[in-house]
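Chemist:
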Amino acid sequence: MSALLRHGRYVLGENPVTAVAFGLFVVLILLALVGPSLAPHDPLASDTARKLEPPSARYWFGTDQVGRDILSRVLVATRLDLAISLSAVTLSFVVGSGLGASAGFFGGWTDRIVTRVTDTIMAFPLFVLAMAIVAALGNTLANIVYATAIINLPFYARMARAEVNVRREAGFVEAARLSGNGSARILTVHVFPNCLPPMMVQASLNLGWAILNAAGLSFIGLGVRPPTPEWGIMVAEGAAFIVSGEWWIALFPGLALMLAVFCFNLLGDGLRDLIDPRRRT
Amino acid sequence: MALLRLAGRRLALAVPGLLGVIVVTFLLNRALPGDPAAFFAGPAATRQAIEEIRARLGLDKSVPEQFVYYVRDLARGDLGTSLTTGQPVLRDLATRLPASLELTLAGLALAVTVALPLGVLSATRPGSWVDHLARVVTTAGVSLPIFFTGLLLVYVFYFLLGWAPAPLGRLDAFSTAPRQVTGFFVVDAVLAHDGALAWAALRQLALPAVTLGLFAMAPIARMTRASMLGVLGSEFIRTARAAGLAPRTVLVTYALRNALLPVITLLGMVFSFLLGANVLVEKVFAWPGVGSYALEALIASDYAPVQGFVLLMATLYVFLNLTIDIVYGLVDPRVRIEA
Chain A
1 MSALLRHGRY VLGENPVTAV AFGLFVVLIL LALVGPSLAP HDPLASDTAR
51 KLEPPSARYW FGTDQVGRDI LSRVLVATRL DLAISLSAVT LSFVVGSGLG
101 ASAGFFGGWT DRIVTRVTDT IMAFPLFVLA MAIVAALGNT LANIVYATAI
151 INLPFYARMA RAEVNVRREA GFVEAARLSG NGSARILTVH VFPNCLPPMM
201 VQASLNLGWA ILNAAGLSFI GLGVRPPTPE WGIMVAEGAA FIVSGEWWIA
251 LFPGLALMLA VFCFNLLGDG LRDLIDPRRR T
Chain B
282 MALLRLAGRR LALAVPGLLG VIVVTFLLNR ALPGDPAAFF AGPAATRQAI
332 EEIRARLGLD KSVPEQFVYY VRDLARGDLG TSLTTGQPVL RDLATRLPAS
382 LELTLAGLAL AVTVALPLGV LSATRPGSWV DHLARVVTTA GVSLPIFFTG
432 LLLVYVFYFL LGWAPAPLGR LDAFSTAPRQ VTGFFVVDAV LAHDGALAWA
482 ALRQLALPAV TLGLFAMAPI ARMTRASMLG VLGSEFIRTA RAAGLAPRTV
532 LVTYALRNAL LPVITLLGMV FSFLLGANVL VEKVFAWPGV GSYALEALIA
582 SDYAPVQGFV LLMATLYVFL NLTIDIVYGL VDPRVRIEA
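Chains as they are written, first to last, in my numbering: chain A, 1 to 281; chain B, 282 to 620.
Below, the structure written as structure tokens:
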């Protein structure tokens, strides 16, 4: 453990960007937790006398077309955006790695069915599939989570399958079997934990993509409904005002979105350096 | 000959993919909210009228029977009728597809022409400014939400600088579309010897294409760099250098050709992202392609166009992967021999 810590300190020292990303990650989580109480104004209170005001001392990020404070809305939206992507990634991590690990471990029919299902999902352009799923299941927030989880499923399933497959015949698995462990126990207790590190890297990189996807869906009017503050929908609301020069409505939620994705991507890269120094690029 | 055999085998492999796509679109079709019969009949319809429509649409049949009808309609090219435009979905999609293809292909071409040299240069000079530039571009490219990039470009190049035309479709209000040959306005205008029109179309195309290009550039440059670095470190490159081959020959004929293989595989994935991103970019730039068509229909709860769109995108993607496999065979002779 202390070796890992030392290695971690070495990686952070060598690559300060990862340290910055980690700091950003902590800030994001804090904002998601306490964002609503930090917001200087009510994110839903409109004031038409003060609509479309540029950033000022009173409204740091300006106001939108109905006079709502953009800073408050951006802050409050953090929780929703992180919640959507975290739950989607968790869902596809659990289901995908479960399916993939059983496919890799048991082979045969399980493998064939899982591979066929993941191949079918991958046969669609993924964002288009997510759109279709939300359109079919109904335009709700829960369905955004399901759609995002489904389109991410193949990545976890394939990775878990490959990782389990290479360890299936390993010495420690045979030893475990000889000592009387059942297949299910070997898979869950012995094989799967060994596959976790690369899967965690994948999850971290995937989180950024999941946020982008969910925001993209709400940008085109699916899932989150106005006036709920959410980054994607706020950018969509600001889009109409870009051509007339009111840049702040779309810019700040867009920047928040970008920062979150940037943070998760850097964190994923850093995590990969930590776990597998050979794959550094 | 070997290449033909490879193509044939890949085509056979694409069939289950297409089948899966058809089954999934059918299932999504069945899961759609609301009663389509009641929707078609309108609010004033009697119960009997709704039942009649249900029978006419085949919705009173069992699910497997409905699937057979669905496949039969697909085979006839019948994707249903759009309620909003009143036209057959297939015709709507056919008139709007060239706009989307023009945009996607322009974006992809732009991405490849910038990303490949960028990746190669940063791999040959690790740690140089080109390398850092490549890193910034690739990290920004994967982190920027594509609709946000589009809006930023509109703000800078339309509102601030005034270089770009208003983000409102393929042509400004004063121009008329050229006679359709390919459906790509820029190409058609050139074919019609109308320089001014070609320029106008190109100006409209520039910003959305750059938006898509920036997005696609990141993974291509990243993969090219990583793959080039791997190949340049291998022994046959050292041998080629030791044998005194010209640096250019070593770089292009020996290294790049081998390094391109994973990049070609990646292009399939990039195209999948591009087809999705296309929807967002079309919305930002009011581009009259299939994506904005599907979105308009989706908002009006008009589902036949949405299904037609999903089916079209998935079919395009399956055939694109097929093409990529064949190109892979062209670049890598080993694949041909295995076939």
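Even glycine gets a Cβ: it sits at the ideal position worked out from N, Cα and C.
Give me, in chain order, the residues of the same chain whose beta-carbon lies closer than 6 Å to that of Phe46/A; leave out the 5 immediate sequence neighbours on both sides.
Modeler: What sits at residue 46/A in the sequence shown is Ser, not Phe. Result list for Ser46/A: Val66, Gly67, Arg68, in chain order.
Chemist: From the beta carbon of Arg280/A, is the nearest beta carbon of chain B less than 7 Å away?
Modeler: Caution is warranted here: a pLDDT of 49 is assigned to Arg280/A, below 50, making its placement in the model unreliable, and no coordinate value can be reported.
Chemist: Over the uninterrupted alpha helix (DSSP H) stretch that includes Lys342/B, give me the two end residues.
Modeler: Here Lys342/B belongs to no alpha helix (DSSP H), and DSSP marks it neither H nor E.
Chemist: Would you check if there are 3 or more beta carbon pairs closer than 8 Å linking the region 424 to 434 of chain B to the region 222 to 242 of chain A?
Modeler: A contact exists between the region 424 to 434 of chain B and the region 222 to 242 of chain A.
Chemist: Could you run through the region 590 to 618 of chain B and flag, in chain order, every residue whose CB is less than 7 Å away from some CB of chain A?
Modeler: Listed in sequence order: Val591, Met594, Ala595, Tyr598, Val599.
Chemist: Could you tell me whether the Cβ of Met234/A comes closer than 7 Å to any Cβ of chain B?
Modeler: Taking Cβ atoms only, chain B never reaches closer than 7 Å to Met234/A, which makes this a no.
Chemist: Which chain B residues sit within Cβ distance under 9 Å of Gly245/A?
Modeler: Near Gly245/A (Cβ distances below 9 Å), the residues of chain B are Tyr436, Phe440, Leu441.
Chemist: Just to confirm my understanding: we take Phe242/B, look at its own chain, exclude 5 residues before and 5 after, and list those with CB closer than 7 Å. What are they?
Modeler: There is simply no residue 242/B to check, as chain B begins at 282 and stops at 620 in what is shown.
Chemist: Distance cutoff 7 Å, beta carbons only. Does Leu212/A sit that close to anything in chain B?
Modeler: Interface residue, yes.
Chemist: According to DSSP, simplified to helix, strand and coil, what is Thr281/A?
Modeler: Summary for Thr281/A: the model assigns pLDDT 46, below 50, so the residue's position carries little reliability; its value from the coordinates is reported in the next sentence. In the structure shown, Thr281/A sits in coil (DSSP, three-state: anything other than H, G, I, E or B).
Chemist: Does Ala57/A come within less than 7 Å of chain B when only Cβ atoms are used?
Modeler: Chain B, which has no Cβ nearer than 7 Å to the Cβ of Ala57/A, makes this no.
Chemist: What are the boundary residues of the alpha helix (DSSP H) that Lys564/B is part of?
Modeler: Residues 538 to 565.
Chemist: Ser553/B CB to nearest chain A CB: under 7 Å?
Modeler: It does: the Cβ of Ser553/B has a partner Cβ on chain A nearer than 7 Å.
Chemist: Can you list the residues of chain A that Leu397/B reaches, using a CB-CB cut of under 8 Å?
Modeler: What Leu397/B touches in chain A: nothing, since even the nearest Cβ is about 17 Å away.
Chemist: Report the three-state DSSP secondary structure of Leu369/B (helix, strand or coil).
Modeler: The residue you asked about is not Leu; residue 369/B is Pro in the sequence shown. Residue state, collapsed to three classes: strand.
Chemist: Taking one C-beta from the region 403 to 410 of chain B and one from the region 483 to 500 of chain B each time, how about it: are there three or more such pairs within less than 8 Å?
Modeler: These segments do not touch.
Chemist: Span of the alpha helix (DSSP H) holding Ala575/B?
Modeler: First-last of the alpha helix (DSSP H) with Ala575/B: 571 to 580.
Chemist: In the DSSP assignment, what residue or residues form a beta bridge with Thr63/A?
Modeler: Looking at the DSSP assignment, Thr63/A forms a beta bridge with Asp69/A.
Chemist: Would you list the residues sitting across from Thr362/B in a DSSP beta bridge?
Modeler: Thr362/B pairs with Pro369/B.
Chemist: Got a sec? Which residues, its chain only, sit under 7 Å from Pro459/B by beta carbon, not counting five neighbours each side?
Modeler: So the qualifying residues of the chain are Phe466, Asp469, Ala470, Ala473, Asp475, Leu478.
Chemist: Tell whether a beta-carbon distance below 7 Å holds between Trp248/A and Gly62/A.
Modeler: Cβ distance < 7 Å, so Trp248/A and Gly62/A count as in contact.
Chemist: For the alpha helix (DSSP H) containing Phe124/A, name the first residue and the last one.
Modeler: Here Phe124/A belongs to no alpha helix (DSSP H), and DSSP marks it neither H nor E.
Chemist: Could you have a look at Val531/B and say whether DSSP puts it in helix, strand or coil?
Modeler: Note: Val531/B maps to helix in three-state DSSP.
Chemist: When you compare each of Thr365/B, Trp444/B, Ala536/B to Val587/B by their alpha carbons, which one comes out closest?
Modeler: Residue Thr365/B is the option with its Cα nearest to Val587/B.
Chemist: Could you give the DSSP three-state label for Ser183/A: helix, strand or coil?
Modeler: Three-state DSSP puts Ser183/A in a helix.
Chemist: In terms of residues, what are the limits of the alpha helix (DSSP H) holding Pro253/A?
Modeler: Element bounds for Pro253/A: 248 to 275.
Chemist: Use the C-beta contact count for Leu537/B: other C-beta atoms within 10 angstroms, 16 or more gives buried, fewer gives exposed.
Modeler: By the neighbour-count rule (16 or more Cβ atoms within 10 Å), Leu537/B is buried.
Chemist: What number of angstroms, rounded off, separates the C-alpha of Ala184/A from the C-alpha of Leu274/A?
Modeler: Rounded to whole angstroms, Ala184/A to Leu274/A spans 30 Å at the Cα level.
Chemist: Pick helix, strand or coil for His41/A, following the three-state DSSP scheme.
Modeler: Of the three classes helix, strand and coil, the one that applies to His41/A here is coil, per DSSP.
Chemist: Just the Cα atoms here: how many angstroms apart are Pro379/B and Arg353/B?
Modeler: Approximately 26 Å between the Cα atoms of the pair.
Chemist: Is there a C-beta anywhere in chain A that falls below 7 Å from the one on Val562/B?
Modeler: For Val562/B, the answer is no, since every Cβ of chain A falls outside 7 Å of its Cβ.
Chemist: Enumerate in chain order the residues of its own chain whose CB-to-CB distance from Leu486/B is below 8 Å, with the five nearest sequence positions on each side excluded.
Modeler: Counting only Cβ-Cβ distances below 8 Å, and skipping sequence neighbours, we find Glu383, Leu384, Ala387, Arg451, Phe466, Val467.
Chemist: In whole angstroms, what separates the C-alpha of Val114/A from that of Glu53/A?
Modeler: Each residue's alpha carbon lies about 54 Å from the other.
Chemist: If we ignore side chains and look at the alpha-carbon of each, how far apart do Ile29/A and Ser204/A end up?
Modeler: About 14 Å.
Chemist: Have a look at Tyr535/B and Asp613/B and give me their C-alpha separation to the nearest angstrom.
Modeler: Using only the alpha carbons, I get a separation of about 12 Å.
Chemist: With Arg158/A and Val191/A assumed to form a contact (beta carbons below 8 Å), what rounded beta-carbon distance in angstroms separates them?
Modeler: Actually they do not touch by this definition, with Cβ atoms about 16 Å apart.
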